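Numbered according to this note's numbering, the sequence shown spans residues 65 to 294. Beta carbons: idealized from backbone N, C-alpha and C, even for Gly. Everything numeric in this text was worked out from a predicted model, so none of it was measured. Below is one structure, written out as structure tokens, with a few remarks after it.
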Amino acid sequence: MKERNPAGESPEKKAAGIAAADLVQDGMVVGLGTGSTTAYTIAELGRRVDEGLDIIAVVTSYQSEMLAIQAGITLTSLAEHPNLDIAIDGADQIDSGMNVIKGGGAAHTREKVVSRSAERFVVVADESKVSDQLNHYVPLEVLPYAKEYVSQQIKRIGGTPELRLASRKDGPVISDNGNFIIDASLGVIENPVVISAVLSQIAGLVEHGIFTNADEVYIGKKDGSVEIIS
65 MKERNPAGES PEKKAAGIAA ADLVQDGMVV GLGTGSTTAY TIAELGRRVD EGLDIIAVVT
125 SYQSEMLAIQ AGITLTSLAE HPNLDIAIDG ADQIDSGMNV IKGGGAAHTR EKVVSRSAER
185 FVVVADESKV SDQLNHYVPL EVLPYAKEYV SQQIKRIGGT PELRLASRKD GPVISDNGNF
245 IIDASLGVIE NPVVISAVLS QIAGLVEHGI FTNADEVYIG KKDGSVEIIS
């Protein structure tokens with residue numbers, strides 16, 4: 065399957081993705097996130113499955129589903145396994161308090177459900193994603209019916225909303241859930257927990273991309289080493 069952001073191999077992402085995959089043990093139910101770094105985790109788990117690792121996985125998007133199928137990983141659902149042992153996912157930005165912004169792949173609603181369903185939530189990223197404070201735009205999954213209302217509410221809290229448009233089709237990006245994505249620029253987010261609560265109160269906003277529940281962060285470095293923050 066073609067990746068969302070095709071590029072050459074990244075030693076940083078590969079190191080983080082593989083290191084996190086080493087946390088997975090026989091008998092686990094694993095949540096698999098979406099994105100280029102998590103793709104390395106999925107590939108590594110597929111390699112270990114070929115060697116006899118016995119796991120089942122819940123995926124967060126069509127992309128991760130196809131990668132997991134190609135890797136030979138047995139899939140299940142939250143309906144069958146609502147409690148996961150571990151979830152591994154990427155990030156668009158990570159601050160010094162392990163708060164995370166996600167949603168560049170428009171899968172953050174399912175990613176948040178999966179991360180909250182897991183006993184252990186591990187974020188994987190390369191060192192370019194680390195910042196002292198969050199200042200990346202926040203992806204919002206929005207009901208199409210509520211697009212204008214949500215945009216108005218974002219402006220009222222001082223943000224700048226922008227409907228995410230598709231790059232290879234006319235019109236907006238549509239999530240796997242059939243909704244629109246609004247990217248909200250909110251400046252420096254000094255208190256992610258407060259902003260998270262404010263966004264969650266906006267009617268028609270299905271889910272936002274601020275995650276405050278990471279247990280560990282695996283940061284891949286250019287030399288192939290991995291820094292673990294917990």
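_D196 versus V178, G154, P256, A248, residue with shortest Cα-Cα distance_ = P256
*Taking D247 as the reference, which of V194, E205, G81 has the closest Cα?*
E205
*How far does the alpha helix (DSSP H) with G81 in it reach, from first residue to last?*
75-85
*Own chain, CB closer than 8 Å to I82, minus 5 neighbours either side, in chain order*: Y104, T105, E108
*Residues in its own chain within less than 8 Å of V186 by CB, not counting five upstream and five downstream?*
A84, L87, I150, A151, I152, D153, A278, D279, E280, V281, Y282
*At least one CB of chain B closer than 9 Å to the CB of Q265: is that the case?*
Given the protein chain composition of this structure (a single chain), no chain B is represented.
*asked:* Strictly by DSSP, which residues pair up with V178?
replied: In DSSP, V178 forms no bridge with anything.
*Do the region 225-241 and the region 168-182 meet, that is, are 3 or more Cβ pairs less than 8 Å apart?*
yes
_Taking the straight line between their C-alpha atoms, what separation do you get for D190 and S100?_
10 Å
*What did DSSP end up calling G110 once you bin it into helix, strand or coil?*
helix
*Can you give the beta carbon distance from V123 to V93, rounded, assuming they're within the 8 Å contact cut?*
About 12 Å separates the two Cβ atoms, so there is no contact after all.
*Where do the ends of the alpha helix (DSSP H) carrying P256 lie?*
256-264
*Are there 16 or more other CB atoms within 10 angstroms of the CB of V252, so buried, or fewer, so exposed?*
exposed
*Validate contact between the region 178-185 and the region 132-149 using beta carbons, cut 8 Å, 3 pairs*: yes
*asked:* Closest to E76 by C-alpha separation, out of E291, G284, S294, would be which residue?
replied: G284
*Between which two residues does the alpha helix (DSSP H) containing V214 stretch?*
211-220
*Considering only C-alpha positions, which residue in the set K193, E254, I259 is nearest to I218?*
I259
*Local Cβ density within 10 Å of K286, reported as buried at 16 or more and exposed below that*: exposed
*Please report how far the alpha carbon of D234 lies from the alpha carbon of Q127, in whole angstroms.*
21 Å
*I133 lies in the alpha helix (DSSP H); which residues open and close that run?*
126-135
*asked:* Using the Cβ count rule (16 or more neighbours within 10 Å means buried), how would you classify I119?
replied: buried
_Three-state secondary structure (DSSP) of T138_ = strand
*So, helix, strand or coil for P208, using DSSP?*
helix
*Just grab the DSSP bridge partners of L198 for me.*
I253
*Under the three-state reduction of DSSP, which class applies to T276: helix, strand or coil?*
coil
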